[in-house]
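These protein sequences, in sequence, are chains A and B. Here the first sequence is numbered in the working numbering, starting from 7 and rising by one per residue. Here the second sequence is numbered in the working numbering, starting from 7 and rising by one per residue. Glycine included, each C-beta is placed from N, C-alpha and C at the ideal position. A quick write-up on the structure given underneath.
There are 2 protein chains.
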Amino acid sequence: MLLCDIGNSSYHFYNEREEYREDVESFNPLTCKERVFFINVNTKVAPILEKLDNWIDLSLHVKKENYYETMGIDRVVACEAVENSLIIDAGSAITVDIVKDGVFEGGFIMPGIKKMRETYFRLSNRLDYSFNFDIDLDKMPKNSQDAITYGFLATLKAEVNRHNMPIIITGGDAQKLHKIFPEAKIDRLLLFSGMQTIIKKGGLC
Amino acid sequence: MLLCDIGNSSYHFYNEREEYREDVESFNPLTCKERVFFINVNTKVAPILEKLDNWIDLSLHVKKENYYETMGIDRVVACEAVENSLIIDAGSAITVDIVKDGVFEGGFIMPGIKKMRETYFRLSNRLDYSFNFDIDLDKMPKNSQDAITYGFLATLKAEVNRHNMPIIITGGDAQKLHKIFPEAKIDRLLLFSGMQTIIKKGGLC
Chain A
7 MLLCDIGNSS YHFYNEREEY REDVESFNPL TCKERVFFIN VNTKVAPILE
57 KLDNWIDLSL HVKKENYYET MGIDRVVACE AVENSLIIDA GSAITVDIVK
107 DGVFEGGFIM PGIKKMRETY FRLSNRLDYS FNFDIDLDKM PKNSQDAITY
157 GFLATLKAEV NRHNMPIIIT GGDAQKLHKI FPEAKIDRLL LFSGMQTIIK
207 KGGLC
Chain B
7 MLLCDIGNSS YHFYNEREEY REDVESFNPL TCKERVFFIN VNTKVAPILE
57 KLDNWIDLSL HVKKENYYET MGIDRVVACE AVENSLIIDA GSAITVDIVK
107 DGVFEGGFIM PGIKKMRETY FRLSNRLDYS FNFDIDLDKM PKNSQDAITY
157 GFLATLKAEV NRHNMPIIIT GGDAQKLHKI FPEAKIDRLL LFSGMQTIIK
207 KGGLC
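Shown next as structure tokens:
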């Protein structure tokens, strides 16, 4: 069984042993002869895949009524992977979603690390610092770099900790956020776990 | 006694009875014959005021060792106004500073409302919503507008509430943030109070 998470820059495959990526510009999905279960947020690729019988769109097999209409399919699929967790997906956005007893309770969206750094710089060129992931968030900051790091990350941490739930971090910036949430579990393959759950629930394989 | 807080767009005056603004492009500080105690973040205006004997720069009369070197003078002056408070200054940035027993404990910086709205839009045009200041922050969001509002404001609120201190809100967006912190006191003239404290401490008047 081949799983694929398609974004704006790459096809991210997982064959249940290893993961690999193909560039969205150069990869031709017609070259794939086996069954591929996928989720996709790339609107350019969507009409091509629609015509291919062996590419199965898992978004059509999710119980959408458990979520909300405009919620990104990647968030939905990550939620399908867990029973009781707070999920942090740290990519271009940071999304935080809560699942209790297998039920989606709601979630929120923050800009990701790169976008927040840009935003502080656009606010003032005196705030052109990278974030300090080794910051001690138990102390109020007394320098500019820590003042923006704290404004971005202590606020996220305070809200996340308020929920007192097991934390799973996924996404490209998972390692960086792990420094802020050392008690969290990192699961780089969380989306693929969610896809496997949907396949199993739907009897697709 | 005339007080003035100079920003990038206006001279904000307070004559101890009323406040008024003058446009930074059209106002000529030479026309002011009385003593003006000011703080200024506008680098264009600074060399002009330096030459005028009746314009007294209060940043030269603050005990800077109580703060940190790159801290904005507006934040410093707001802190001078209080003994025990958490101050939220909601303008183009949102700054949060803590003063305990008259001592600055540290503070942090978040992008302001306008900049955060822009950032969400730059993240995805599907996140082009204004913030919902009537949101119920006790419920996890289940729609896009609330998901970004919560990501911005519930995180701020969780961190602010963790400090369990009396809250004072100032700045142009104070009324909007008051909806998120209904227990807070709004003080539009906080900076002028801080300026008066510095004048008194320094025996300048």
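- Residue range 16-20 is occupied by the beta strand (DSSP E) that includes His-18(B).
- Boundaries for Leu-64(B): no beta strand (DSSP E) harbours it, and the DSSP string shows neither H nor E there.
- Under the Cβ distance rule, Arg-128(B) counts among the residues neighbouring chain A, one pair being separated by less than 8 Å.
- Distance check between Arg-41(A) and each of Ala-52(A), Val-30(A), Leu-58(A) and Lys-50(A) places Leu-58(A) closest, using alpha-carbon atoms only.
- Using a Cβ distance threshold of 8 Å, Asp-63(A) and Phe-33(A) do not count as a contacting pair.
- Looking at the backbone, the Cα of Gln-202(A) and that of Pro-172(A) are separated by about 21 Å.
- Contacts with chain A at 8 Å (Cβ-Cβ) do not include Gly-209(B).
- With respect to chain A, the C-beta atom of Ala-164(B) has a partner C-beta closer than 8 Å.
- Membership of Asn-46(A) in the beta strand (DSSP E) is indicated by the continuous run 42-46.
- Secondary structure at Phe-187(A): coil, using DSSP grouped into helix, strand and coil.
- Think of a sphere of 9 Å around the beta carbon of Leu-133(B): the chain A residues whose beta carbon falls inside it are Ala-99 and Ile-115, in chain order.
- Close CB contacts of Glu-86(A) within its chain, under the 6 Å cut and outside five residues either way in sequence, are with Gly-200, Thr-203 and Ile-204 (chain order).
- Shown here, Lys-145(A) sits in coil according to DSSP, grouped into three states, outside any helix or strand.
- Between Leu-159(B) and Phe-137(B), the gap from beta carbon to beta carbon is short of 8 Å.
- Between the C-alpha atoms of Ile-119(B) and Glu-28(B) there is a straight-line separation of about 24 Å.
- The beta carbon of Ile-45(B) sits no closer than 8 Å to any beta carbon of chain A.
- Taking the CA atoms as reference points, Lys-106(B) sits about 17 Å from Ala-190(B).
- In this structure Leu-197(A) does not touch Val-88(A) by the C-beta definition: roughly 12 Å separates them, more than the 8 Å allowed.
- Around Glu-22(B), the same chain offers Met-7 as residues with beta carbons nearer than 7 Å, after the five sequence neighbours per side are excluded.
- Taking C-alpha positions only, Ser-65(B) is separated from Leu-129(A) by approximately 22 Å.
- For Val-30(B), the closest of Lys-185(B), Gly-108(B) and Asn-48(B) by C-alpha to C-alpha distance is Asn-48(B).
- Residues of the same chain with a CB within less than 7 Å of the CB of Arg-123(B), apart from the 5 flanking positions on each side, are Ser-136 and Phe-137 in chain order.
- Close CB contacts of Ala-52(A) within its chain, under the 8 Å cut and outside five residues either way in sequence, are with Asn-46 (chain order).
- Of the other Cβ atoms in all chains shown, fewer than 16 fall within 10 Å of the Cβ of Pro-188(A); this residue is therefore exposed.
- Bounds of any beta strand (DSSP E) do not take in Ala-52(A); it lies within the alpha helix (DSSP H) bounded by 52-56.
- Using a Cβ-Cβ cut-off of 8 Å, Lys-121(B) counts as an interface residue toward chain A, since at least one Cβ of chain A sits closer than that to its own.
- In the DSSP assignment, Cys-211(A) is bridged to no other residue.
- Look at Gly-200(A) here: in three-state DSSP terms it is helix.
- With contacts defined as CB atoms closer than 8 Å, Thr-125(B) and Thr-125(A) qualify as a contacting pair.
- Assignment of Ala-96(A) by DSSP, reduced to helix, strand and coil, places it in the strand class.
- Taking 8 Å as the CB threshold, Met-146(B) lines the interface with chain A.
- Residues of chain A with a Cβ closer than 7 Å to the Cβ of Gly-157(B) are, in chain order, Phe-114, Ile-115 and Met-116.
- For Ala-160(B), the chain A residues whose Cβ falls inside 8 Å of its Cβ are Phe-114 and Glu-165, in order along the chain.
- Of Asp-134(B), Cys-10(B) and Ala-99(B), the smallest CA-CA separation from Leu-133(A) is found for Ala-99(B).
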